[in-house]
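Visitor: When the letters of the sequence shown are read in order and numbered with mature numbering (1 follows the signal peptide of the UniProt record, and there is no 0), they come out as residues -19 to -1, 1 to 251. Heads up, the beta-carbon is just placed ideally off N, CA and C, and yes, glycines get one too.
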Amino acid sequence: MGCSNFWSGLLNFITLVLSLPIIGVGIWLAKQHNTVCVRFLEWPVIIIGIFIFVVSLAGMLGAWCRVSFLSWLYLFVMFVLILLLLAFTIFAFVVTNAGAGQAVSGKGFKEYHLGNYSTWLQKRVDKPSSWDKIRSCLSNAKVCNSLDKDYPTLTQFDAASLSPVESGCCKPPSSCGFTFITATNWQITSSSSTTDPDCVAWSNTNLCFNCTSCKAGVLQDIKHDWRKVAIVNIVMLVFLIIAYSVGCCAFHNNRKEGGFGGGYGKQGYP
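1. Assuming aspartate 206 and serine 194 form a contact by the criterion Cβ under 8 Å, report the distance between their Cβ atoms to the nearest whole angstrom.
2. Cα separation between asparagine 166 and glycine 5?
3. Pop quiz: lysine 102 and cysteine 150 are said to be a contact at Cβ under 8 Å. What is the actual Cβ separation, rounded to whole angstroms?
4. Output yes or no for whether 9 Å exceeds the beta carbon distance between leucine -2 and methionine 217.
5. Count the CB pairs spanning the stretch 200 to 215 and the stretch 140 to 147 that are closer than 8 Å, and state whether there are at least three.
6. Cutting at 8 Å between CB atoms, please list the residues of its own chain near isoleucine 223, excluding the five before and the five after it.
7. Quick check on the burial criterion: 16 or more other C-beta atoms within 10 angstroms. Buried or exposed for valine 76?
8. Drop a sphere of 10 angstroms on the beta-carbon of valine 227, count the other beta-carbons inside from all chains shown, and report buried for 16 or more, exposed for fewer.
9. How big is the Cα-Cα spacing for leucine 65 and tryptophan 112?
10. Please specify which runs of the alpha helix (DSSP H), each continuous and at least 4 residues long, are wholly inside the stretch 66 to 117, giving them in chain order.
11. Any idea if proline 154 is buried or exposed, counting beta-carbon neighbours within 10 angstroms, 16 or more meaning buried?
12. Have a look at serine 117 and valine 124 and give me their C-alpha separation to the nearest angstrom.
13. Kindly give me the distance between the Cβ atoms of valine 210 and valine 26, rounded to whole angstroms, as I take these residues to be in contact under 8 Å.
14. Could you have a look at asparagine 185 and say whether DSSP puts it in helix, strand or coil?
15. Do you know offhand how far proline 2's Cα is from isoleucine 63's?
16. For the beta strand (DSSP E) holding phenylalanine 161, just list the boundary residues, first then last.
17. Identify whether asparagine 166 lies in helix, strand or coil by the three-state DSSP scheme.
18. Taking proline 133 as the reference, give the member of Leu67, Gly89, Ala164, Cys189 with the closest Cα.
19. Using a Cβ-Cβ cutoff of less than 7 Å, which residues in the same chain neighbour glycine 87 once the five nearest sequence positions on both sides are dropped?
20. Please work out which residues of its chain come closer than 7 Å, Cβ to Cβ, to glycine 89, disregarding the five sequence neighbours upstream and downstream, and give them in chain order.
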């Protein structure tokens, strides 16, 4: 298959269509309770998706309508876009590389610790003014309200597969040794551990929304979402590189053949 305006335009049409799922992922993130409360991911994703859509449209029109200016602009902007998308994807993997839940003996859920996550992510939630907004948002989202009904007994609660936010924000750490009354109501006994600051931060009124484990649970959910976005970005990056390569080849051939004259000549078609 030779390089041509047709194939360049077709590949750009494909990347244009593929940009729509990226925009959709950004909108999906904006509706997740954990990312609604921590707004530093969804807008970059949406902007990248829109950017890819516009650039692909310019490349498609430049190739099929043989508009020299659009083709020049497309190749330049596409090169910059590939670099930005590559940098964003690498950054997403780097900042989400650290951090994982720790299994608790005899429990169906994991527990999370803020210090296990990257410094950059920690700073996004650890600033008091920022966490006040996040905590208020999570509380208003009522992320813990269904636990008492879903897990009425200790046996059921211990076997529960809690989300990171539920594990970190809705119950005290297992190391505290509190006595189970309900999923969101625990009795502090004289033998309860107080070495963990989260044990002191727990209350049956505010639950663990003041705990570092709650911040860690939020980051774990965000890490999971970022990894999904990064995988979509990798797929998109492959298509962008292929489209850019074919576009460069087609543009080079058109220049040699004098195919960019603003009309619909025969040159440049397969």
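Guide: On the basis of the supplied data:
1. Here the question's residue 206 lines up with position 225 in the sequence shown. Here the question's residue 194 lines up with position 213 in the sequence shown. Not really, about 19 Å apart at Cβ, beyond 8 Å.
2. Your numbering for residue 166 matches position 185 in the sequence shown. Your numbering for residue 5 matches position 24 in the sequence shown. Near 39 Å, if we compare the C-alpha coordinates of glycine 5 and asparagine 166.
3. Within the sequence shown, numbered from 1, the residue matching residue 102 stands at position 121. Within the sequence shown, numbered from 1, the residue matching residue 150 stands at position 169. A small fix is needed here, since residue 102 is leucine in this sequence, not lysine. With a Cβ gap of about 17 Å, leucine 102 and cysteine 150 do not count as contacting.
4. The residue given as residue -2 occupies position 18 in the sequence shown. The residue given as residue 217 occupies position 236 in the sequence shown. In contact: leucine -2 and methionine 217 (Cβ atoms closer than 9 Å).
5. yes
6. The residue given as residue 223 occupies position 242 in the sequence shown. Once the five neighbours on either side are set aside, the close Cβ partners of isoleucine 223 are Leu(-9).
7. If you number the sequence shown from 1, residue 76 lands on position 95. Buried, since its Cβ has 16 or more Cβ neighbours within 10 Å.
8. In the sequence shown, residue 227 corresponds to position 246, counting from 1. Under this definition valine 227 is a buried residue.
9. What you label residue 65 is simply residue 84 of the sequence shown in a count that begins at 1. What you label residue 112 is simply residue 131 of the sequence shown in a count that begins at 1. Going from the Cα of leucine 65 to the Cα of tryptophan 112 covers about 29 Å.
10. 100 to 107
11. The residue given as residue 154 occupies position 173 in the sequence shown. Proline 154 should be labelled buried.
12. Locating residue 117 in the sequence shown gives position 136, where the first residue counts as 1. Locating residue 124 in the sequence shown gives position 143, where the first residue counts as 1. Spanning the two alpha carbons is a distance of roughly 11 Å.
13. Taking the sequence shown and counting its residues from 1, one reaches residue 210 at position 229. Taking the sequence shown and counting its residues from 1, one reaches residue 26 at position 45. About 6 Å separates the two Cβ atoms, so the contact holds.
14. Mapped onto the sequence shown, residue 185 falls at position 204. Coil, per DSSP.
15. Numbered from its first residue, the sequence shown carries residue 2 at position 21. Numbered from its first residue, the sequence shown carries residue 63 at position 82. When rounded, the distance between both Cα atoms is 17 Å.
16. As a working mapping, residue 161 is identified with position 180 in the sequence shown. Run containing phenylalanine 161: 160 to 163, per the beta strand (DSSP E) assignment.
17. Numbered from 1 along the sequence shown, position 185 holds the residue referred to as residue 166. The answer is strand: DSSP assigns asparagine 166 an E or B state.
18. Sequence index remark: in the sequence shown, residue 133 carries index 152 (1-based). Cα-wise, what sits closest to proline 133 is Ala164.
19. By 1-based counting over the sequence shown, the position of residue 87 is 106. So the qualifying residues of the chain are Asp139.
20. Here residue 89 corresponds to residue number 108 of the sequence shown, with the count starting at 1. Here the set comprises Asp139, Ala140, Ala141, Ser142.
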